[in-house]
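What follows is one structure encoded as structure tokens, with my remarks underneath.
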Amino acid sequence: MTTQAQDTIVRSEVVVEAPIERAFRAFTHKFDQIKPREHNLLAVEIAESVFEPRVGGRVYDRGVDGSECQWARVLAYEPPDRIVFSWDISPQWQIEADAANTSEVEVRFIAETPTRTRVELEHRHLDHHGAGWEGVREGVRGDQGWPLYLERFAGIVVEER
Amino acid sequence: MADGWAALADPTRRTIFELVAARPRAVGELAELLPVTRPAVSQHLKLLKTAALVLDRAEGTRRIYQANPDGLRELRRELDRFWNQALANFKEIVEQPEEDP
């Protein structure tokens, strides 16, 4: 057995009793109430999470002291069907500045009936967080280029077979 | 500290994890490579083990540590929890009667 693409993807879905347009709008415009609050990269409590509804928009948390933490970029915005945004958070829950080391989240909205919508979420390319591992593999060189055990794990699983 | 994300937030633990991911190593060997004491290394390894990131086995009188291939599963579980909670929140909100005109 080798590592499957599956290992680098997390999926989740939900069916809601709402028309597709309303579901799409709620996801983007009420994102503040959707994102689990306990995940916070700011030093202070989150006052608000903002999803800017356009390609190139930012997704960020604003702390009660006014500080901000941008943790995603909107890559696709296609109402009422689809949104894609980056996940600029490293495996140790810190902001990843290098876009090459980020994963992405796609959210698809599918109308099952005029009043019912299925929402499929796919968080993929988790292995991208592993880029940079090669450079630090041999030495103990501290924090530069973290790592990426995701890629490393893939290697280990393959080697063991 | 049961989750891998938090366990790897500490720079020393991350380095230890990288070292045992490169190849299995004993506690003493890790202590020689790092500017921390042997008991400190043991403590870090204990946390990594709790987070399911490393496995250990006895080899004579030594204990050998290696990366746990199932650790990735644990980390994925964290994201699973995050998105399942987000979608549950979403369902609750979108199914509320519309309050704005």
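So the sequence lines, in the order shown, correspond to chains A and B.
Read left to right, the first sequence gives residues 494 to 654 (this note's numbering).
Read left to right, the second sequence gives residues -7 to 93 (this note's numbering).
Note that CB positions come from ideal geometry on N, CA and C, so glycine has one too.
Residue i burial status per 10 Å Cβ neighbour count (16 or more: buried)
i, result
"Asp474 of chain A", "Beyond the ends of chain A as shown, which are 494 and 654, falls residue 474 of chain A; an answer cannot be given."
"Lys83 of chain B", "buried"
"Glu589 of chain A", "buried"
"Thr7 of chain B", "buried"
"Thr606 of chain A", "exposed"
"Glu571 of chain A", "exposed"
"Thr29 of chain B", "exposed"
"Arg54 of chain B", "exposed"
"Arg68 of chain B", "buried"
"His13 of chain B", "Residue identity differs from the one stated: residue 13 of chain B is Ala in this sequence, not His. Ala13 of chain B should be labelled buried."
"Arg547 of chain A", "exposed"
Cβ pair residue i, residue j closer than 8 Å
i, j, result
"Val537 of chain A", "Ser560 of chain A", "yes"
"Val503 of chain A", "Asp48 of chain B", "no"
"Glu541 of chain A", "Asp525 of chain A", "yes"
"Asp655 of chain A", "Asn533 of chain A", "The question about residue 655 of chain A has no answer here: the residues shown for chain A are numbered 494 through 654."
"Leu0 of chain B", "Leu11 of chain B", "no"
"Ala569 of chain A", "Val577 of chain A", "yes"
"Val509 of chain A", "Thr610 of chain A", "yes"
"Val598 of chain A", "Trp580 of chain A", "yes"
"Pro89 of chain B", "Tyr57 of chain B", "no"
"Leu614 of chain A", "Leu39 of chain B", "no"
"Ala511 of chain A", "Thr608 of chain A", "yes"
"Leu535 of chain A", "Gly556 of chain A", "yes"
Euclidean distance between Cα positions of residue i and residue j
i, j, result
"Asn60 of chain B", "Glu87 of chain B", "42 Å"
"Ala18 of chain B", "Gln35 of chain B", "13 Å"
"Val567 of chain A", "Gln587 of chain A", "19 Å"
"His522 of chain A", "His616 of chain A", "20 Å"
"Ala592 of chain A", "Ile539 of chain A", "24 Å"
"Ile85 of chain B", "Pro529 of chain A", "13 Å"
"Asp574 of chain A", "Ala32 of chain B", "52 Å"
"Leu37 of chain B", "Ala44 of chain B", "10 Å"
"Asp2 of chain B", "Leu22 of chain B", "16 Å"
"Arg518 of chain A", "Ile527 of chain A", "12 Å"
"Trp639 of chain A", "Ser583 of chain A", "Per-residue confidence for Trp639 of chain A stands at a pLDDT of 30, beneath the threshold of 50, marking its modelled position as unreliable; the derived number appears in the next sentence. Straight-line Cα distance between these residues: approximately 9 Å."
"Glu51 of chain B", "Arg5 of chain B", "23 Å"
"Leu501 of chain A", "Phe74 of chain B", "Looking at the sequence itself, residue 501 of chain A is Thr, so the reference to Leu does not match. Cα to Cα, the separation comes out at about 16 Å."
"Cys562 of chain A", "Gly20 of chain B", "40 Å"
"Ala604 of chain A", "Asn81 of chain B", "19 Å"
"Val436 of chain A", "Val543 of chain A", "It is not possible to answer for residue 436 of chain A, since the shown part of chain A is limited to 494 through 654."
"Ile513 of chain A", "Asn76 of chain B", "20 Å"
"Val46 of chain B", "Pro27 of chain B", "21 Å"
Identity of the residues DSSP links to residue i by a beta bridge
i, result
"His616 of chain A", "A:Val503 and A:Val598"
"Gln526 of chain A", "The partner list for Gln526 of chain A (beta bridge, DSSP) is empty, contrary to what the question assumes."
"Glu51 of chain B", "B:Arg54"
"Thr610 of chain A", "A:Val509 and A:Ala604"
"Val46 of chain B", "B:Ala59"
"Ala18 of chain B", "B:Ile56"
Worksheet item: Whole beta strand (DSSP E) runs in the region 534 to 606 of chain A with 3 or more residues, listed along the chain?
Response: 539 to 544, 551 to 556, 561 to 571, 575 to 580 and 596 to 606
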